[in-house]
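In what follows, a single structure is set out as structure tokens and then discussed.
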Amino acid sequence: MPFRSALIFFLVFTAQSAIVPNRYIVELTTEPVADHVSANGSRVSLASAAAVTHRARIQREQAQLKVSLNSAGAQVLESVDTVANALLVQTSEANPQPWANLPNVLRVTPVHTVEMLLDRAVVVNKITDAWAQIGGPANAGRGMKIAILDTGVDVGHPGFQNSPLTTPDGYPLVNAAADLAFTNNKVIVARSYVALLPSRDPDTSARDHVGHGTALAMISAGGTAVGPSATITGVASGAWVGSYKVFGTPGSNDKTTDDAILKALDDAVKDGMDVVNLSLGSDIAERLGDDVEVQAVERATSAGVLVVVAAGNNGTGAFTVASPGTAPDAITVGAQRNDRTFAASLQVPGLSSFVAIPGDGPAPTVPITSTLVDIQTLDGSGLACNALPAGSLSNRIALILRGTCTFETKLKNAASAGASAAVVYAAASSPDPIAMSVGTATLPAEMISNSDGVALKQALAAGSASTGTAIFTLSPFSIDPGRLANFSAAGPNVDASIKPDLVAVGENFYVAAQSFDVNGDMYSADGFLLVDGTSFSAPTVAGAAALVKAARPGLTAAQYRSLLINSATLLTAGTFSVQQAGTGSLNAGAALRATAAMYPTSLSFGAGDGFPRGSLTLTVSNVGTAKDTFTLRAVPNGNSPVASLSASSLVLGPGASGNITVSFGASNLEAGAYEGSILIAGANGQVESRVPYWYGVKSDTPVTITNLDSLTHASRDTRQTDAILFRVTDAAGLPILNVTPTVTVTAGGGTVTSLKSYDSDSPGLFSVSVRLGTEAGINTFRVQAGDIPANFSIIGN
Numbered sequence: 002m003p004f005r006s007a008l009i010f011f012l013v014f015t016a017q018s019a020i021v022p023n024r025y026i027v028e029l030t031t032e033p034v035a036d037h038v039s040a041n042g043s044r045v046s047l048a049s050a051a052a053v054t055h056r057a058r059i060q061r062e063q064a065q066l067k068v069s070l071n072s073a074g075a076q077v078l079e080s081v082d083t084v085a086n087a088l089l090v091q092t093s094e095a096n097p098q099p100w101a102n103l104p105n106v107l108r109v110t111p112v113h114t115v116e117m118l119l120d121r122a123v124v125v126n127k128i129t130d131a132w133a134q135i136g137g138p139a140n141a142g143r144g145m146k147i148a149i150l151d152t153g154v155d156v157g158h159p160g161f162q163n164s165p166l167t168t169p170d171g172y173p174l175v176n177a178a179a180d181l182a183f184t185n186n187k188v189i190v191a192r193s194y195v196a197l198l199p200s201r202d203p204d205t206s207a208r209d210h211v212g213h214g215t216a217l218a219m220i221s222a223g224g225t226a227v228g229p230s231a232t233i234t235g236v237a238s239g240a241w242v243g244s245y246k247v248f249g250t251p252g253s254n255d256k257t258t259d260d261a262i263l264k265a266l267d268d269a270v271k272d273g274m275d276v277v278n279l280s281l282g283s284d285i286a287e288r289l290g291d292d293v294e295v296q297a298v299e300r301a302t303s304a305g306v307l308v309v310v311a312a313g314n315n316g317t318g319a320f321t322v323a324s325p326g327t328a329p330d331a332i333t334v335g336a337q338r339n340d341r342t343f344a345a346s347l348q349v350p351g352l353s354s355f356v357a358i359p360g361d362g363p364a365p366t367v368p369i370t371s372t373l374v375d376i377q378t379l380d381g382s383g384l385a386c387n388a389l390p391a392g393s394l395s396n397r398i399a400l401i402l403r404g405t406c407t408f409e410t411k412l413k414n415a416a417s418a419g420a421s422a423a424v425v426y427a428a429a430s431s432p433d434p435i436a437m438s439v440g441t442a443t444l445p446a447e448m449i450s451n452s453d454g455v456a457l458k459q460a461l462a463a464g465s466a467s468t469g470t471a472i473f474t475l476s477p478f479s480i481d482p483g484r485l486a487n488f489s490a491a492g493p494n495v496d497a498s499i500k501p502d503l504v505a506v507g508e509n510f511y512v513a514a515q516s517f518d519v520n521g522d523m524y525s526a527d528g529f530l531l532v533d534g535t536s537f538s539a540p541t542v543a544g545a546a547a548l549v550k551a552a553r554p555g556l557t558a559a560q561y562r563s564l565l566i567n568s569a570t571l572l573t574a575g576t577f578s579v580q581q582a583g584t585g586s587l588n589a590g591a592a593l594r595a596t597a598a599m600y601p602t603s604l605s606f607g608a609g610d611g612f613p614r615g616s617l618t619l620t621v622s623n624v625g626t627a628k629d630t631f632t633l634r635a636v637p638n639g640n641s642p643v644a645s646l647s648a649s650s651l652v653l654g655p656g657a658s659g660n661i662t663v664s665f666g667a668s669n670l671e672a673g674a675y676e677g678s679i680l681i682a683g684a685n686g687q688v689e690s691r692v693p694y695w696y697g698v699k700s701d702t703p704v705t706i707t708n709l710d711s712l713t714h715a716s717r718d719t720r721q722t723d724a725i726l727f728r729v730t731d732a733a734g735l736p737i738l739n740v741t742p743t744v745t746v747t748a749g750g751g752t753v754t755s756l757k758s759y760d761s762d763s764p765g766l767f768s769v770s771v772r773l774g775t776e777a778g779i780n781t782f783r784v785q786a787g788d789i790p791a792n793f794s795i796i797g798n
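Reminder that position 306 of the sequence shown reads as 307 in our numbering, one-by-one numbering, no gaps.
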């Protein structure tokens with residue numbers, strides 16, 4: 002299970018390690034083509050005479066600026082003109098800012114490095130229902146083109162072979178003739194942008210050396226493929242795939258750059274892609290007006306392209322949605338659980354069988370049976386973060402609590418004490434088991450849930466349990482899918498709007514992956530993998546977008562977006578706010594049947610002082626084929642006040658629209674979040690649509706400290722800049738801008754060298770730079786904001 006939370010990139014605005022030296026995105030003042038010709042989501046406009054004339058103007062202005070930049074010693078690597086008007090520039094040390102005093106330069110942004118962020122999913126998200134409505138999966142997405150901006154696509158995988166499709170006129174499209182080898186009648190674009198990446202790559206072709214892009218393409222549009230554990234079919238198996246490779250060869254270019262992503266998105270829009278999937282993003286999201294990628298996504302949507310973006314894997318804590326999922330018109334997707342998991346187990350006589358997830362280290366093919374030992378009886382904490390008494394775990398199974406130090410450290414300490422295996426149980430704050438990344442540890446290990454771990458601890462303490470059998474081979478277990486995955490990012494968005502828009506299955510995906518990497522080493526023994534992450538929720542929705550657009554031609558991009566978002570099904574296994582789950586779980590079958598489309602798809606009354614002011618307009622469009630009466634009602638969540646509607650019904654003919662004024666007339670609300678939904682149902686329809694609303698009351702009282710990114714390992718006695726990045730939020734999940742946290746050292750002998758506010762780069766962002774202690778071991782730093790503490794541990798090697 003090599004993908005735990007893959008394909009979310011990380012950006013530090015002041016850390017030099019995240020900036021590509023002497024590389025810039027230079028934007029020009031003339032509006033891009035998408036802005037110039039956009040009208041109601043029309044795609045025809047990109048090929049219109051107005052678009053051709055405007056693009057020619059941009060190219061003339063870019064050529065003039067290019068001459069000036071070249072004469073100043075700079076090199077123009079590439080250009081974009083549709084979703085942005087920009088030159089991608091490499092400068093020289095002699096003249097690091099050659100654009101100074103040049104005309105037509107709007108903004109210059111440094112280039113940053115970027116790191117990488119279906120068998121049952123089609124049942125949970127009602128894809129099978131949609132297939133039944135259109136005559137089977139072969140018709141799903143027929144005529145649509147889905148762009149995958151990722152690591153490439155392995156055309157040799159069975160999921161992309163034997164397709165009944167024929168290559169459309171004007172395709173295949175490549176950046177280099179040799180990349181035609183990575184196209185076929187299913188994969189009709191194979192463009193590589195690896196040449197733009199900072200490091201020299203041994204292979205700049207469009208070939209996938211990682212497998213992530215292949216997995217995304219399989220989920221969204223792959224054909225039927227038979228794997229050892231399941232038969233899988235992509236959501237829109239009748240669609241074509243466009244492969245836009247922005248990540249390079251492992252070990253050479255594990256990271257990409259935001260200018261490469263910008264160029265790939267620009268090409269995808271010009272290439273005529275109907276849907277773009279971006280399973281990538283920055284955990285450190287900028288304000289919308291400062292975010293180049295967000296603005297590019299908005300322009301792509303204005304050109305009629307449906308852009309689907311992963312919300313991020315930074316957990317369900319507030320204000321964690323990644324950019325460009327923050328884009329208002331992107332379809333931003335969080336992750337829910339699947340309805341089954343492939344899991345190992347822990348058998349304990351006298352107790353039930355516990356579901357367990359093996360780590361990514363050695364997994365024995367035979368069970369390990371031995372006496373169970375609660376590590377808390379040895380170290381007082383149960384964490385196994387420090388050396389344990391020699392021989393204290395001789396041939397025993399160690400029960401260890403997750404937290405503070407890495408899994409690798411815990412397992413090595415247990416192994417040094419003689420353990421034969423380890424069972425890690427999840428912490429109360431993240432109660433579900435995950436696939437542990439164990440580094441170089443070789444001790445067989447698996448993880449169980451927090452509740453199961455606590456029950457086992459109590460049984461061991463009471464003497465009602467003593468031995469256990471750890472089974473590492475995987476078997477399917479049924480689970481309730483009506484919960485969020487514990488890694489799925491949550492709002493409020495950077496502009497206090499509602500994000501994510503909806504959720505889709507992001508756990509226990511059985512997907513396609515190529516079998517060999519560039520060195521000929523085995524990557525996947527059989528071409529199939531089990532994976533987790535919002536990376537994999539997004540292409541499920543991207544495939545559904547292609548399916549709905551193909552089945553219901555003639556609507557606008559905004560209407561397709563609404564059909565997908567507003568027809569979602571509420572999650573049932575728990576209470577989730579609209580800032581965690583949006584409208585709920587993707588229901589592709591309902592999206593096909595819905596007769597109402599709304600704009601906007603959610604309503605935010607913003608963040609205020611407890612006295613919401615003003616009103617918002619909700620537009621309802623009849624996208625059915627007959628005149629209908631649509632009833633509207635507001636339903637609050639919890640103790641939230643109910644929103645007021647200017648009318649309780651609208652009578653609309655087919656294609657007609659009507660407006661409703663929505664107000665939130667409560668007053669003197671206490672700090673926190675208030676929310677609900679407006680439910681819209683047509684008398685002739687079968688689907689009740691849902692538009693969530695939200696209002697946040699700000700406070701200066703800290704409630705949560707969110708770890709956005711922090712080091713886990715570094716060399717001892719070294720200074721580490723931006724070692725800890727965190728945000729302090731209030732009861733509404735909003736950043737507290739005037740808080741002054743304190744940072745102290747509680748273990749390890751390290752020192753705090755600086756605490757900085759990066760609020761100008763990302764709302765409420767703080768950075769801690771440290772120097773690690775002179776001795777090897779754990780350095781613990783405590784951040785305190787008001788009464789709220791948070792501990793961050795860095796292991797000094």
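Backbone N, C-alpha and C fix where the C-beta goes; we use that ideal spot for every residue, glycine too.
Computed from a predicted structure; not experimentally measured.
Quiz item: Using 8 Å as the Cβ pair cut-off and three pairs as the minimum, do the stretch 392–410 and the stretch 370–383 touch?
Solution: With a cut-off of 8 Å, the stretch 370–383 and the stretch 392–410 count as touching, because enough Cβ pairs lie within range.
Quiz item: Cβ atoms of D361 and S324: under 8 Å apart, would you say?
Solution: Taking 8 Å as the Cβ cut-off, S324 and D361 do not qualify as a contacting pair.
Self-check item: Opposing strand residues paired with Y759 [DSSP bridges]
Solution: Looking at the DSSP output, Y759 shares a beta bridge with no other residue.
Practice problem: Using the Cα positions of G507 and V542, report the straight-line distance between them to the nearest angstrom. | Solution: Using only the alpha carbons, I get a separation of about 11 Å.
Self-check item: Per-residue burial, T441 [other beta carbons within 10 Å of its own, 16 or more giving buried]
Solution: By the neighbour-count definition (other C-beta atoms within 10 Å, threshold 16), T441 is an exposed residue.
Quiz item: Mind checking P350: buried by the 16 CB within 10 Å criterion, or exposed?
Solution: Taking every protein chain shown into account, the CB of P350 has fewer than 16 other CB atoms within 10 angstroms, so this residue is exposed.
Quiz item: Counting pairs of Cβ atoms below 8 Å between the stretch 684–693 and the stretch 582–594, do you hit three or more?
Solution: The stretch 684–693 is in contact with the stretch 582–594.
Quiz item: Near S616, which residues of its chain fall below 7 Å by C-beta distance, leaving aside the five closest residues on each side in sequence?
Solution: T662, V663 and S664.
Quiz prompt | Cβ pair count under 8 Å reaching 3, the stretch 459–468 against the stretch 414–424 | solution = These segments do not touch.
Quiz item: According to the Cβ coordinates, are G585 and A569 closer than 8 Å?
Solution: Result yes, Cβ atoms of G585 and A569 sit closer than 8 Å.
Quiz item: Considering only C-alpha positions, which residue in the set N163, A226 and G249 is nearest to L198?
Solution: When only C-alpha atoms are compared, the closest one is G249.
Quiz item: What's the C-alpha gap between T234 and S430?
Solution: Distance from the CA atom of T234 to the CA atom of S430, rounded to whole angstroms, is 35 Å.
Quiz prompt | Beta carbon of D762 nearer than 8 Å to that of E287 | solution = Contact: yes.
Practice problem: Could you name the residues that DSSP lists as bridge partners for S690? | Solution: Partner(s): I681.
Self-check item: Distance between S193 and S209 (C-alpha atoms, nearest Å)
Solution: Per the sequence shown, residue 209 should be read as Asp rather than Ser. It is roughly 10 Å from the alpha-carbon of D209 to the alpha-carbon of S193.
Quiz item: Taking the continuous beta strand (DSSP E) assigned at W241, which residues delimit it?
Solution: Residues W241 to K246.
Self-check item: Beta carbon of T327 nearer than 8 Å to that of K500
Solution: Yes, the pair counts as a contact, with Cβ atoms nearer than the cut-off.
Quiz item: Along the chain, which unbroken stretches of the beta strand (DSSP E) at least 3 residues long are found entirely within the stretch 542–608?
Solution: If we require 3 residues or more, the beta strand (DSSP E) runs fully inside the stretch 542–608 come out as 597–600.
Quiz item: Which residues in the same chain as S303 place their Cβ atom closer than 6 Å to its Cβ, once the five residues preceding and following it in sequence are excluded?
Solution: A35 and S39.
Quiz prompt | Residue nearest to S700 in terms of C-alpha spacing, selected from Y694, D255, V729 and G686 | solution = When each option's Cα is compared against that of S700, the closest is V729.
Exercise. With a floor of 4 residues, list each alpha helix (DSSP H) that falls wholly inside the stretch 338–406, ordered by position along the chain.
Key: Segments of the alpha helix (DSSP H) lying fully in the stretch 338–406: 377–380.
Quiz prompt | Which residues DSSP lists as bridging K146, in chain order | solution = Partner(s): W241.
Self-check item: K770 vs D723 beta-carbon contact at 8 Å
Solution: Checking the displayed sequence, the identity of residue 770 turns out to be Ser instead of Lys. With contacts defined by Cβ atoms closer than 8 Å, S770 and D723 form a contacting pair.
Self-check item: Three-state secondary structure assigned by DSSP to A462
Solution: Three-state DSSP puts A462 in a helix.
Quiz item: What do you reckon, are the CB atoms on K187 and L166 nearer than 8 Å?
Solution: In terms of Cβ geometry, K187 and L166 form a close pair [threshold 8 Å].
Quiz prompt | Nearest to K146 (by Cα), restricted to the options Y172, S647 and P22 | solution = Per the Cα distances, Y172.
Quiz prompt | R61 classed as buried or exposed, judged by whether at least 16 other C-beta atoms fall within 10 angstroms | solution = Exposed: under 16 other Cβ atoms inside 10 Å.
Quiz item: Which residue's Cα is closest to the Cα of G74: P99, V81 and G335?
Solution: Checking every option, the nearest Cα to that of G74 belongs to P99.
Exercise. Can you tell me which of the three DSSP states E294 falls into?
Key: Correct three-state label for E294: helix.
Practice problem: Kindly identify the DSSP beta-bridge partner or partners of I796. | Solution: Paired residue(s): H714 and I779.
Quiz item: To which residues does DSSP link A674 through a beta bridge?
Solution: DSSP, once it has assigned bridges, lists G697 as partnering A674.
Exercise. Put D453 into one of helix, strand or coil per three-state DSSP.
Key: Helix.
Quiz item: Should D788 go down as buried or exposed, given a rule of 16 or more other Cβ atoms within 10 Å for buried?
Solution: Classification of D788: exposed, given that the 10 Å Cβ count is below 16.
Self-check item: Cβ neighbours of G454 in the same chain (closer than 6 Å, five flanking residues each side left out)
Solution: So the qualifying residues of the chain are Y426.
Quiz item: Between the C-alpha atoms of V504 and S622, what's the straight-line distance to the nearest angstrom?
Solution: Between V504 and S622, the C-alpha separation is close to 24 Å.
Practice problem: Kindly list the residues whose CB is nearer than 6 Å to the CB of G224, restricted to its own chain and excluding five residues on each side of it in sequence; keep chain order. | Solution: Correct list, in chain order: G160, S164 and S238.
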